[in-house]
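Chemist: This is the structure I have questions about; it appears just below.
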Amino acid sequence: MTEFLQLLFQGIALGSQYALIALGFVVIYKATGVINFAQGGFVLVGAYLAYNFNQTWDLPFPLALLLAMAAGALLGAIVERLLLRRMVGEPVFAVLMITIGLLFVLEQSATSMWGFDNLNLGDPWGIETVEVADLNLAVADLWTIGLAAAAMAAFFAFFRYTATGVAMRATAVDQEAAAAQGIAPGRIFALAWAVSGAVAALGGITLAAGPAQLAPGISFVALAAFPAMILGGLDSPAGAVLGGIIIGVTQSLTAGYQPDYAEWLGTNFHTVMPYVVMILILLVRPYGIFGTREVRRI
Amino acid sequence: MKRANPKLRILALFLSLSLVAAACGDDDDEPEASTDTSEETSTPEDDSGGEEGGEEGGEPEEAPGFDGETIRLGVLTPQTGVAAVIGNPLTEGNRVFFEALNAEGGIAGKYPVELDVADTQYQPQTAVQQYNATKNNVAGYVQVLGTPVVNAVLPLLSEDEIVAGPASLDSFWVPEQYLLALGGPYQLQAVNAMDYWFNQEGNDPADTTVCTMIQDDPYGEAGQAGVEFAGEQIGFEVAETARFAATDTDFSGQINTLNSGGCELVFLVSLPSATGAIIGAAAQQQFAPQWIGQSPTWVGVLAQSPIAPYLEENFLLMSEGPEWGDTSSEGMAQMIEDQQEYAPDQQPDIYFSFGYAQAWSWAQVLERAVEMGDLSREGIVEAMNSVGTITTGGLLGDYEYGPPEERVPPRESRVFAIDPESPGGLRAVSEEFVSEAAEAFEFEFEG
Amino acid sequence: MARARDLHVSYAQHVRLVSSRWMAVGFIALAAAWLLAPLVLSEFQLDVGSRVAIFALGAIGLNLLTGYTGQVSLGHAFFIGTGAYAAAWAGGDQGWPLWIWLPAITLLGTALGAVIGPFALRLRGNYLAIVTLGLLFLGEHVFNNWESVTGGGAGRAVEAETTIGPLDVTSLELFGAEFDREQSLFWFIWLLVGIGALVAKNLVRTRPGRAMQAVRDRDLAAEVIGVSLARYKVGAFAISSGYAALAGGLFGMLQRYISPTEFGGQLGLFLSIQYIAIIIVGGIGTVFGSILGAFIVGAMPRIIESVSQEQDIPFVFGDAGGQDGFISVFSLNQALFGILIIGFLLFEPRGLAAIWLRLKAYFRSWPFSY
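Residue numbers (our numbering), protein chains in the order written: chain V, 9 to 306; chain R, 15 to 461; chain H, -3 to 366.
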């Protein structure tokens, strides 16, 4: 039982990281209809910027975290302005590929500035753990869950109660009608990308914190967040969070139990488990759990 | 009009074929086709008189990688990617040795050595492509890094008859004609490790749960083979083996497996980028067996990271050679001297010393080749087979070279503990030793 | 003034393969280039050329799937890997001769594609793209774990049979002259590309091609007018996977060593993206474009590397100028690749083929090109 709870806890922590990244995807998709493959790049740059602020410029960690989020937001807005603005109206496939191109450029910028070696993020959580009723809870994991929950709460409050948030939702539902109400779509797009960049930075920091090292490989963790996003529905923030948690927990439990009970599935099956879950759910609900069914007209 | 098409195409084909036939008439038309170069170089060799085993020849003729003045050697190393943390200092080691040598004139005082460095990203397919791109410009490869990379390039080396120095310590390299293997093999490191823990430190093999955590490729399998061999000799079985991919970043699954398996001794075979995350995950889960790591698991920065205290308590590293800066060892003294002159910013690093020793070994082979007057591919192979003992002043164990069946690799290892105060984070806790079990290990030579 | 023969006045004229005298001349020139190249190019250039050919073959298949039928697939690398491993097993372990195993792996790829195809019926657009992404990871997992066939994480050598009857395609002996490995393979692989392009072109200019394009443009409407979505979507997947498997088998034969990391996970994703880049740069929805794009995307990294070995590029380290600079050659390659994709999509979304067509149109109506 202890083992199960331990795995569950680790799964929730992992799922929170996925949820943060998936949330970034979903915000952009909901507002602009674009799947941003470069989200992994934002995660990477955000984490490295936090490292830079903290380790190279010696700022206290919380400040470094906030600054990294701000920088991520700025990066997102700039990308939107420079690249995506020109691609309005182009086919989905083309925009997808532009974000992929952007991913490459971001990755190489990060490695050229900070190198390939593993770096220490310098977070104050390290590898400490707290003992709660027989379980070893990593401090880094607790903070991850906490920060993610705070971010999501802020998120939902923003969308529900602020004027800008409502404006974003309106644009997502019907761009023209929102424009008729005086909401500038361009601003909304830039805002969506900015929010996504900030959330990605936070996700990157939680990924690189604790025992994990900061290395260029974390941009690929964003790939693992895809199933989370799809699972929950591409345009549903609540779905992104739920999807992230589901994928994280499934992955953790699989990692713990599969070698004992289903060895025939091979080693490291837990890394593909998210995709299996995603495919299974998509077969039943092709638009994800909370996604809106697309209405197609001839 | 439709009918014209097939006829037109056949006509076109016919015309082109006849063009080809005409061109094929005289083979001299093949310009810069590098397949010819190797033929051309073997003819001068025949002309300059017999070079049967060890005879002193004259000035070496021009050959691939040798233009009469400078010798070019290739380097296939990961400059980027997960293994860059090993590849870059290792290549620096190569470079520093040759710079120091060139300052004194080069090989035999006459021929400076230049390096052609290509980035393999620790990927076999990239390495193969880089090999094909560079092979005609170099006399041999001073460094090919990575067990999977060497595996991929080996059949090509045999086909092209080019010698390469593997920066990897697999025992499979020992009987290979075209590999200039150096140092005590991984398998023996593992055997010595087990011997150290049980026979020297006095732990009871019957009472210890021995596990391994290995990278899922030939590099990991080498260590695994060593541990299993030691198990046969000393009397234990490997209870659990956890595997992971070189690019994995999350090891909680594997740590869980080892933890719930009750492992007390874990032999680790990984790259430095993974070691940090693996140990970190273990520390976080309060899993503290005795870790013993294969030599490439280590990188100096780990001793300055948050997991350093855990490492000090629970981690030992198998390697060979003296501590960095221990000038009682001749080779180390020479290396420090050269390092301070040509790479003053170099931090203490076991990979740098390996690269330096590797370059030094190659220099000995090249000297022998110049002595025999032949720097062609065949000449270098001959030189390798007749160079006698390759020594690096203690940086690596002395290697008795000769034809592959007669090679005697060193079998020594040394155990290091982690100490943030020591250079490179490593402090020797044993002498260079060869265990009985290691002596019993047999290399598989082809008939 | 447009010349009379450029106006299509009959259906037969419209679907002609070679639609003008210039085109025929072009084909002859290409054939001549194909025959002469191995006699004048260096080993390295021929090796690059063979790799470009393999890219082209896979790209033709992907273009059929994505360019003509509109199904986005990120899983192309998986089928290539399947082809490579199948070649290792069938040609290497089983020892089947070339003329048996090469078609066999193509059929295997086709069958596998037909199995994956039905997903396309259920999922659309972004969802389909990401499910095919999942294929890559599943594929890598299978390649890593099915050790008896694939050799596991260590990869394996590919020692496939290379003989068709008396000919060995890795060392041809024609008209009394011996050709080495690079030359022989160059001829062989480009021959297959020619055949593949011909097949694709035939598919595209006739009824199936029109059906595929209808599916791409408006699949609901297509279904309404009687185009069977199931048949063409699944069929498109099947055919493109067949091409991919063929390309993979040739790749295995060329490189003689394959490992799971190349075809799955991160590098596999990169490979799939390279193929998509090829068809974008070359021109989506054209067969010729696949080949053009393959030249650029396939050869560019090698050219940059060989240039950097001769020259000192100012901000790059690891090149002829030594270690000063802040990005490695590899990073430069990746960054240029990304910029190439972005550039083409922003400024010429229809790719090189569109540029080529514009050039042709310009000269055709010269001197009235305005």
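Backbone N, C-alpha and C define an ideal beta-carbon position, used for all residues, glycine too.
Keep in mind it's a predicted model, so treat the numbers as computed, not measured.
1. Measuring CA to CA, which of H:Arg120, H:Gly121, H:Glu178, H:Thr128 is closest to Ile112 of chain H?
2. For Asn116 of chain R and Phe281 of chain R, what's the separation of their Cα atoms in angstroms?
3. Specify the secondary structure class of Ser266 of chain R as computed by DSSP and reduced to three states.
4. From the DSSP output, in three-state form, read off Tyr253 of chain H for me.
5. On the premise that Asp388 of chain R lies in contact with Glu381 of chain R, defined as a C-beta separation below 8 Å, what is that separation, rounded to the nearest angstrom?
6. Report buried or exposed for Ser244 of chain V, applying the criterion of at least 16 other Cβ atoms within 10 angstroms of its Cβ.
7. On the CB-based measure, 16 or more other CB atoms within 10 Å of its CB, does Ala80 of chain H come out buried or exposed?
8. Is there at least one Cβ from chain H nearer than 9 Å to Val284 of chain V's Cβ?
9. Could you list which residues in chain H have their beta carbon closer than 7 Å to that of Phe61 of chain V, in chain order?
10. Can you give the Cα-Cα distance for Gly416 of chain R and Ser400 of chain R, rounded to whole angstroms?
11. Throw me the rounded Cβ distance for the Ala295 of chain H and Ala55 of chain H pair, which I believe falls under 8 Å.
12. May I ask you to report which of helix, strand or coil DSSP gives Gly289 of chain H?
13. Using a Cβ-Cβ distance cut-off of 9 Å, determine whether Phe457 of chain R contacts chain V.
14. Can you tell me the Cβ-Cβ gap for Ala198 of chain V and Ala85 of chain V, rounded? I've got them flagged as a contact below 8 Å.
15. Beta carbons nearer than 9 Å to chain R: which residues of the segment 100 to 125 of chain V have them?
16. Nearest chain V C-beta to Lys334 of chain H closer than 9 Å, yes or no?
17. Between which two residues does the alpha helix (DSSP H) carrying Ser4 of chain V extend?
18. Under DSSP, the alpha helix (DSSP H) around Trp86 of chain H begins and ends at which residues?
19. Between which residues of its own chain and Leu290 of chain V is the CB-CB distance below 6 Å, once the five residues before and five after are set aside?
20. Rounded to the nearest angstrom, what separates Ser48 of chain R and Gly154 of chain R at their Cα positions?
21. Would you tell me roughly how many angstroms separate the C-alpha atoms of Ser427 of chain R and Leu316 of chain R, rounded to the nearest one?
22. Does Ala314 of chain R get closer than 9 Å to chain H when you measure Cβ to Cβ?
23. Whose Cβ in chain H lies nearer than 8 Å to the Cβ of Gln135 of chain R?
24. Write down every uninterrupted run of the alpha helix (DSSP H) in the segment 172 to 258 of chain V whose length is 4 residues or greater and which is fully enclosed by it, in chain order.
25. Is it right to say Asp268 of chain V is buried, meaning 16 or more other beta carbons lie within 10 angstroms of its own, or is it exposed?
26. Buried or exposed for Ala35 of chain R, please, with buried defined as at least 16 other CB atoms from any protein chain shown within 10 angstroms of its CB.
27. Just mark Asp43 of chain R as buried or exposed, buried being the case when its beta carbon has 16 or more other beta carbons within 10 Å.
28. Under three-state DSSP, which class holds Thr406 of chain R?
29. Let me know the secondary structure DSSP gives Gly154 of chain R once reduced to three states.
30. Count the CB pairs spanning the segment 172 to 180 of chain V and the segment 37 to 44 of chain V that are closer than 8 Å, and state whether there are at least three.
31. Curious, which full-length alpha helix (DSSP H) runs of at least 4 residues does the segment 54 to 127 of chain V contain?
32. Helix, strand or coil for Met281 of chain V, going by three-state DSSP, please let me know.
33. Could you tell me whether the Cβ of Val142 of chain R comes closer than 9 Å to any Cβ of chain H?
34. What residues of chain H sit near Gly274 of chain V, judged by a beta carbon separation below 9 Å?
35. Pull the bridge partners of Ser427 of chain R from the DSSP assignment, please.
36. Short of 7 Å Cβ to Cβ, which residues in the segment 37 to 60 of chain H face chain R?
Modeler: So, from the data block:
1. In the third sequence, the residue the question calls residue 112 of chain H occupies position 116. Nearest option by C-alpha distance: H:Thr128.
2. Mapped onto the second sequence, residue 116 of chain R falls at position 102. Mapped onto the second sequence, residue 281 of chain R falls at position 267. Their Cα atoms are separated by approximately 41 Å.
3. Here the question's residue 266 of chain R lines up with position 252 in the second sequence. Helix at Ser266 of chain R.
4. The residue you call residue 253 of chain H lines up with position 257 of the third sequence. Looking at Tyr253 of chain H - three-state DSSP - the assignment turns out to be strand.
5. Position 367 of the second sequence holds residue 381 of chain R. Position 374 of the second sequence holds residue 388 of chain R. About 13 Å; that fails the 8 Å criterion.
6. Translated into the one-based positions of the first sequence, residue 244 of chain V becomes position 236. Result: buried.
7. To locate residue 80 of chain H, count along the third sequence from 1; it is residue 84. With 16 or more Cβ atoms within 10 Å of its Cβ, Ala80 of chain H is classed as buried.
8. Mapped onto the first sequence, residue 284 of chain V falls at position 276. Yes, contact with chain H.
9. The residue given as residue 61 of chain V occupies position 53 in the first sequence. Simply none; closest approach about 20 Å.
10. Numbered from 1 along the second sequence, position 402 holds the residue referred to as residue 416 of chain R. Numbered from 1 along the second sequence, position 386 holds the residue referred to as residue 400 of chain R. If you draw a straight line from the Cα of Gly416 of chain R to the Cα of Ser400 of chain R, it is about 5 Å long.
11. As a first step, residue 295 of chain H must be located in the third sequence, where it is residue number 299. As a first step, residue 55 of chain H must be located in the third sequence, where it is residue number 59. With a Cβ gap of about 13 Å, Ala295 of chain H and Ala55 of chain H do not count as contacting.
12. In the third sequence, residue 289 of chain H corresponds to position 293, counting from 1. Gly289 of chain H: helix per DSSP, three-state reduction.
13. If you number the second sequence from 1, residue 457 of chain R lands on position 443. Taking Cβ atoms only, chain V never reaches closer than 9 Å to Phe457 of chain R, which makes this a no.
14. Here residue 198 of chain V refers to the residue found at position 190 of the first sequence. Here residue 85 of chain V refers to the residue found at position 77 of the first sequence. Indeed, because the Cβ distance is near 5 Å, the residues count as touching under 8 Å.
15. Thr119, Gly123, Phe124, Asp125
16. The residue given as residue 334 of chain H occupies position 338 in the third sequence. Reading the sequence as shown, one finds Gly at residue 334 of chain H and not Lys. Chain V, which has a Cβ nearer than 9 Å to the Cβ of Gly334 of chain H, makes this yes.
17. This structure cannot speak to residue 4 of chain V, because chain V is shown only from 9 to 306.
18. Position 90 of the third sequence, counted from the start, is the residue given in the question as residue 86 of chain H. Here residue 86 of chain H turns out to be Ala, not Trp, going by the sequence shown. It is not in any alpha helix (DSSP H) - Ala86 of chain H carries neither H nor E in the DSSP assignment.
19. Here residue 290 of chain V is taken as the residue at index 282 of the first sequence, counted from 1. Cβ within range, chain order: n/a, list empty.
20. Position 34 of the second sequence, counted from the first residue, corresponds to residue 48 of chain R. Position 140 of the second sequence, counted from the first residue, corresponds to residue 154 of chain R. With a pLDDT of 34 at Ser48 of chain R, under the threshold of 50, the predicted position of this residue should be treated as unreliable, and no value is reported.
21. Numbered from its first residue, the second sequence carries residue 427 of chain R at position 413. Numbered from its first residue, the second sequence carries residue 316 of chain R at position 302. Spanning the two alpha carbons is a distance of roughly 22 Å.
22. If you number the second sequence from 1, residue 314 of chain R lands on position 300. With the sequence shown as reference, residue 314 of chain R is identified as Gly, and Ala is not the correct amino acid for it. So, not an interface residue.
23. What you label residue 135 of chain R is simply residue 121 of the second sequence in a count that begins at 1. Scanning chain H for C-beta atoms nearer than 8 Å to the C-beta of Gln135 of chain R yields Phe326, reported in chain order.
24. 183 to 188, 193 to 216, 229 to 240
25. Against the first sequence, residue 268 of chain V aligns to sequence position 260. Exposed: under 16 other Cβ atoms inside 10 Å.
26. The sequence position of residue 35 of chain R within the second sequence is 21, counting from 1. Note that Ala35 of chain R scores 40 on pLDDT, short of 50, meaning its location in the model is unreliable; the coordinates nonetheless yield the value given after this. Answer is exposed; the Cβ neighbour count stays below 16.
27. The sequence position of residue 43 of chain R within the second sequence is 29, counting from 1. Residue placement at Asp43 of chain R cannot be trusted, given a pLDDT of 33 that sits under 50; what the coordinates show is reported in the next sentence. Asp43 of chain R comes out exposed.
28. By one-based count along the second sequence, residue 406 of chain R stands at place 392. Residue state, collapsed to three classes: coil.
29. As a working mapping, residue 154 of chain R is identified with position 140 in the second sequence. In this structure, Gly154 of chain R counts as strand in the three-state DSSP scheme.
30. yes
31. 69 to 90, 100 to 122
32. The sequence position of residue 281 of chain V within the first sequence is 273, counting from 1. DSSP places Met281 of chain V in helix when its eight states are reduced to three.
33. Mapped onto the second sequence, residue 142 of chain R falls at position 128. Chain H, which has a Cβ nearer than 9 Å to the Cβ of Val142 of chain R, makes this yes.
34. Locating residue 274 of chain V in the first sequence gives position 266, counting from the first residue. The answer, in chain order, is His137, Val138, Asn140, Asn141, Trp142.
35. Position 413 of the second sequence, counting from 1, holds the residue named residue 427 of chain R. R:Phe447.
36. Ser38, Glu39, Phe40, Asp43
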